[in-house]
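J.:
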Amino acid sequence: MKEVHHKADEHHGAHEKTYKYGMVVDLDKCTGCGACMVACMAENNLSFRKDNSDRLRSNLWMRVYKISNGRPFPDTDISFIPRPCQHCEGEGHHHTPCVSVCPATATDYSHETGIVSQVYTRCFGCRYCMAACPYHVRVFNWWDPTWPKGMEKYLNPDVSVRMRGVVEKCSFCYHRYQRAKNKAYAEGRRELHEDEYQTACTQACPAGAITFGDLKNPEHKVHKLKKSRYAFRLLEKLGTNPKIYYVSTRDWGRKAGEVYAGEEPKGVTHVTHA
Amino acid sequence: MSTTEEKEQTVAENEQEKGGDEQAAEVAPVKPGTWRFLIPIAAFALGFMSHFSLGWVILPPILYAEKQQPIDFSHKLHVDEVGDCEGCHYFREDGSFSGIPELENCAECHEEAMGEDPEEAKLITEYIEPGKEIPWLIYARQPQCVFFSHAAHVKMGEMDCAICHGPIGDSDHVRPYQYNRLTKYSRDIWGWNIAGLSKNGWAYLKQADNSGEIKIEHAARMKMDDCAECHMEKRGVHEACFVCHK
């Protein structure tokens with residue numbers, strides 16, 4: 001049995017290495033096909049609405065936004081931004097926005113993996129987190145989940161289904177991490193290989209725009225990719241310290257990532273849903 | 275009854291009471307009313323006892339329903355034969371845990387009756403011959419939102435099965451499966467350990483009267499606070515929710 005550590009140490013896992021799982025999304029490669037959204041829905045037991053193209057009502061953990069430079073033809077240009085949960089770490093006096101407001105401790109930030117959790121059985125649906133999240137990542141279940149007839153047999157047993165009245169969001173396919181860890185433990189090792197834990201959206205992307213891995217591990221691809229001079233994060237000024245990096249060689253595209261009320265950079269006139 | 279009669283009666287009663295008081299004063303010169311301090315104490319004791327019995331005796335059977343296992347299985351007998359837990363409860367190659375063995379495992383030995391036990395006869399006639407899986411009731415089955423890795427605890431943590439499951443390998447009989455009527459979760463995994471009663475695990479292990487058979491009366495070491503307590507102790511951290519939840 002492992003030696004007992006004291007609470008005072010730090011809030012990282014006492015004896016285990018810590019990770020910082022994150023993503024680098026190359027917006028130059030993203031075609032906006034939406035395969036990541038579909039893969040996410042299938043993987044995480046997302047339910048269907050009567051009209052799932054109604055973006056106000058659909059519950060999507062991974063959502064692809066379309067942005068444009070707003071210029072007239074022939075200078076017009078568009079770009080797509082796939083947006084999973086940003087898994088904000090916070091820095092300095094900034095907290096993970098959703099975690100700091102939750103009155104039920106239904107969501108927390110894991111210092112072991114860097115993943116923001118959501119425990120559906122604890123959530124009572126006050127939706128403070130939705131108000132706090134600057135990325136509109138969280139979705140609320142206004143209705144009990146439904147699937148087209150027969151499809152409930154295809155639900156993923158590793159992911160619990162959510163009931164009406166709770167908030168849900170992307171978990172970086174945490175069940176895949178658990179499964180990979182399980183296998184690693186059985187083989188007597190603690191470390192995971194890069195390819196053992198990959199999210200569903202990463203694997204589904206036909207353009208290879210999404211790269212997933214441990215941002216702290218120099219052997220993982222994301223470690224190098226996030227250092228690109230074209231890399232940026234959404235609403236970086238807020239100090240949320242998100243773990244999703246985007247790469248775009250287009251200036252206006254990078255500026256779009258900084259859009260926030262009061263100071264909209266020139267050149268972007270609208271942000272629409274894909 | 276007329277009014278005059280009534281008057282007469284009350285007068286007579288008053289006289290009687292007076293007489294009674296005088297007599298009491300003669301026997302024991304106690305100031306009237308001193309015993310009254312006992313009233314709140316008695317009332318408290320009565321209230322306490324009634325609520326105590328309500329909470330500990332009457333409510334639990336209302337809250338929990340009981341089911342019997344399909345077959346009265348003797349772990350002791352099988353452990354003696356097979357040698358250890360892993361013979362039937364083994365790890366698969368991908369690190370997942372098999373849990374309850376399938377009928378196939380039972381049929382390896384019990385294709386033909388090995389003894390004369392009526393429970394074994396039941397196994398063969400009702401399950402093995404028709405090829406029907408045994409609908410075991412799983413005491414430790416966790417709710418859908420819980421992830422548990424046997425590999426992490428048994429292989430990495432080198433924990434003994436009995437730490438959570440108790441000395442179930444020594445039991446001769448299966449205990450009834452109790453489940454919460456509202457949540458339908460097994461009593462072993464649902465709710466808090468009131469007043470730390472099952473804190474040290476298997477205090478309820480009982481030697482049944484004459485036969486020397488060991489019977490597990492009550493087992494509960496698989497509730498969330500049990501998990502959290504052990505993780506706090508062994509890992510020294512308040513775990514993130516996503517360590518056990520999904």
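Quick mapping for you: the protein sequence lines, in order, are chains A and B. Per our numbering, residue 1 is the first one in the first sequence, and the count goes up by one each step. Per our numbering, residue 275 is the first one in the second sequence, and the count goes up by one each step. Backbone N, C-alpha and C fix where the C-beta goes; we use that ideal spot for every residue, glycine too. It should be emphasised that the depicted structure is a prediction, and the values quoted were computed from it without experimental measurement.
Can you list the alpha helix (DSSP H) stretches of 4 or more residues lying completely in the region 296-373 of chain B, in chain order?
T.: Counting whole runs of 4 or more residues, the region 296-373 of chain B contains the alpha helix (DSSP H) stretches 312-327, 333-337, 349-356.
J.: Excluding the 5 residues preceding and the 5 following Cys-205(A) in the sequence, name in chain order all residues of the same chain whose CB lies nearer than 7 Å to its CB.
T.: Taking the first sequence and counting its residues from 1, one reaches residue 205(A) at position 205. Once the five neighbours on either side are set aside, the close Cβ partners of Cys-205(A) are Ala-35, Cys-36.
J.: Does the CB of Gln-178(A) have a neighbour CB from chain B at under 9 Å?
T.: Counting from 1 along the first sequence, the entry for residue 178(A) is found at position 178. By this cut-off, Gln-178(A) is an interface position.
J.: If I measure Cβ to Cβ from Gln-343(B) and keep anything under 8 Å in the same chain, skipping five residues before and after, which residues do I get?
T.: Working through the second sequence from its first residue, we reach residue 343(B) at position 69. Here the set comprises Trp-410, Leu-411, Val-448, Pro-450, Tyr-451.
J.: Using the beta-carbon count (16 or more within 10 Å), is Glu-360(B) buried or exposed?
T.: By 1-based counting over the second sequence, the position of residue 360(B) is 86. The residue is exposed, with fewer than 16 neighbouring Cβ atoms inside 10 Å.
J.: What would DSSP say about Gly-165(A), mapped onto helix, strand or coil?
T.: Within the first sequence, residue 165(A) is the residue found at index 165, counting from 1. If DSSP states are grouped into helix, strand and coil, Gly-165(A) belongs with coil.
J.: For a contact meaning CB atoms closer than 8 Å, what does Thr-121(A) contact in chain B?
T.: As a first step, residue 121(A) must be located in the first sequence, where it is residue number 121. In chain order: Pro-417, Cys-419, His-519.
J.: How long is the line joining the alpha carbons of Arg-55(A) and Asp-158(A), rounded to whole angstroms?
T.: For the purposes of this step, residue 55(A) is identified with residue 55 of the first sequence, where counting begins at 1. For the purposes of this step, residue 158(A) is identified with residue 158 of the first sequence, where counting begins at 1. Going from the Cα of Arg-55(A) to the Cα of Asp-158(A) covers about 26 Å.
J.: Closer than 9 Å, CB to CB, is Cys-88(A) near chain B or not?
T.: Stepping through the first sequence from its first residue, residue 88(A) is reached at position 88. No, because no Cβ of chain B sits closer than 9 Å to the Cβ of Cys-88(A).
J.: What are the boundary residues of the beta strand (DSSP E) that includes Met-23(A)?
T.: On the first sequence, residue 23(A) is found 23 positions in, with the first residue counted as 1. Met-23(A) -> beta strand (DSSP E) spans 21-26.
J.: Which whole-angstrom value is the C-beta distance of Ser-53(A) and Ile-67(A), which I expect to be below 8 Å?
T.: Position 53 of the first sequence, counted from the first residue, corresponds to residue 53(A). Position 67 of the first sequence, counted from the first residue, corresponds to residue 67(A). The Cβ separation is near 19 Å, so there is no contact.
J.: Would you mind telling me which residues of chain B sit closer than 9 Å to Asp-158(A), beta carbon to beta carbon, in chain order?
T.: Within the first sequence, the letter at position 158 stands for residue 158(A). What Asp-158(A) touches in chain B: Phe-421, Lys-520.
J.: So which residues of chain B does His-175(A) contact, with C-beta pairs closer than 9 Å?
T.: Sequence index remark: in the first sequence, residue 175(A) carries index 175 (1-based). Within chain B, the residues near His-175(A) are Phe-421, Lys-520.
J.: Does any CB atom of chain A fall closer than 9 Å to the CB of Lys-458(B)?
T.: Stepping through the second sequence from its first residue, residue 458(B) is reached at position 184. It does not; no Cβ of chain A falls within 9 Å.
J.: Less than 8 Å between C-beta atoms, sequence neighbours within five positions excluded: which residues of the same chain meet that for Arg-122(A)?
T.: As a position in the first sequence, residue 122(A) is number 122, starting the count at 1. So the list reads Ala-104, Thr-105, Ala-106, once near-sequence residues are dropped.
J.: So, does the region 384-398 of chain B touch the region 432-440 of chain B, judging by three or more C-beta pairs under 8 Å?
T.: Output reads no: the region 432-440 of chain B does not touch the region 384-398 of chain B.
J.: Of all the residues that make up the region 436-451 of chain B, which are near chain A by a beta-carbon distance shorter than 8 Å?
T.: Listed by position along the chain: nothing, the set is empty.
J.: Confirm, please, whether the CB-CB distance from Ala-209(A) to Cys-30(A) is below 9 Å.
T.: Along the first sequence, read from residue 1 onward, the residue named residue 30(A) stands at position 30. Along the first sequence, read from residue 1 onward, the residue named residue 209(A) stands at position 209. Yes.
J.: Between Val-99(A) and Tyr-128(A), how many whole angstroms is the CB-CB distance? I'm expecting something under 8 Å.
T.: Taking the first sequence and counting its residues from 1, the one referred to as residue 99(A) is at position 99. Taking the first sequence and counting its residues from 1, the one referred to as residue 128(A) is at position 128. Not quite, the Cβ-Cβ distance comes to about 11 Å (not below 8 Å), so this is no contact.
J.: Tell me, please, whether the CB atom of Lys-181(A) is closer than 9 Å to any CB atom in chain B?
T.: Indexing the first sequence from 1 puts residue 181(A) at position 181. It does; some Cβ of chain B falls within 9 Å.
J.: Who are the neighbours of Glu-112(A) on chain D, taking C-beta pairs under 7 Å?
T.: Structure shown: chain D not included; protein chains present are A and B.
J.: Could you confirm whether any beta carbon from chain B is found closer than 9 Å to the beta carbon of Arg-190(A)?
T.: Residue numbering aside, residue 190(A) sits at position 190 when the first sequence is read from its first letter. Cβ-Cβ to chain B under 9 Å: yes for Arg-190(A).
J.: Assuming Glu-258(A) contacts Lys-237(A) under a Cβ cut-off of 8 Å, what Cβ separation, rounded to an integer in Å, is found between them?
T.: Counting from one through the first sequence, the residue named residue 258(A) turns up at place 258. Counting from one through the first sequence, the residue named residue 237(A) turns up at place 237. The pair is a contact, with the Cβ atoms about 7 Å apart (cut-off 8 Å).
J.: My understanding is that Trp-147(A) touches Phe-232(A), with C-beta atoms under 8 Å, so please give their C-beta distance in whole angstroms.
T.: As a working note, residue 147(A) is residue 147 in the first sequence. As a working note, residue 232(A) is residue 232 in the first sequence. That pair is no contact at about 37 Å.
J.: Let me make sure I understand the geometry here. Which of His-111(A), Arg-138(A), Arg-250(A) has the alpha-carbon closest to that of Lys-216(A)?
T.: Mapped onto the first sequence, residue 216(A) falls at position 216. Selected option, being the one with the closest Cα: His-111(A).
J.: Which two residues bound the contiguous alpha helix (DSSP H) that contains Tyr-128(A)?
T.: Residue numbering aside, residue 128(A) sits at position 128 when the first sequence is read from its first letter. Tyr-128(A) -> alpha helix (DSSP H) spans 128-132.
J.: Report yes if the CB atom of Val-119(A) is closer than 9 Å to the CB atom of Trp-61(A), and no otherwise.
T.: Here residue 119(A) corresponds to residue number 119 of the first sequence, with the count starting at 1. Here residue 61(A) corresponds to residue number 61 of the first sequence, with the count starting at 1. No, Cβ-Cβ distance for Val-119(A) and Trp-61(A) is not below 9 Å.
J.: Count the other C-beta atoms from every protein chain shown that fall within 10 angstroms of the C-beta of Gly-405(B), then say buried if there are 16 or more, exposed otherwise.
T.: In the second sequence, counting from the first residue as 1, residue 405(B) sits at position 131. Label assigned to Gly-405(B): exposed.
J.: Taking C-beta pairs closer than 8 Å, name the residues in chain B that Tyr-185(A) reaches, listed in chain order.
T.: By one-based count along the first sequence, residue 185(A) stands at place 185. Those are Gly-369, Ser-423, Ala-425, Ala-426, Lys-429, Met-430, listed as they occur along chain B.
J.: Going by other Cβ atoms of all chains shown within 10 Å of its Cβ, with 16 needed for buried, is Ala-299(B) buried or exposed?
T.: Within the second sequence, numbered from 1, the residue matching residue 299(B) stands at position 25. Bear in mind that a pLDDT of 47 at Ala-299(B), under 50, signals an unreliable position, so the number given afterwards is only what the model happens to contain. Classification of Ala-299(B): exposed, given that the 10 Å Cβ count is below 16.
J.: Using a Cβ-Cβ cutoff of less than 7 Å, which residues in the same chain neighbour Cys-33(A) once the five nearest sequence positions on both sides are dropped?
T.: By one-based count along the first sequence, residue 33(A) stands at place 33. Taken in chain order, the residues that qualify are Pro-206.
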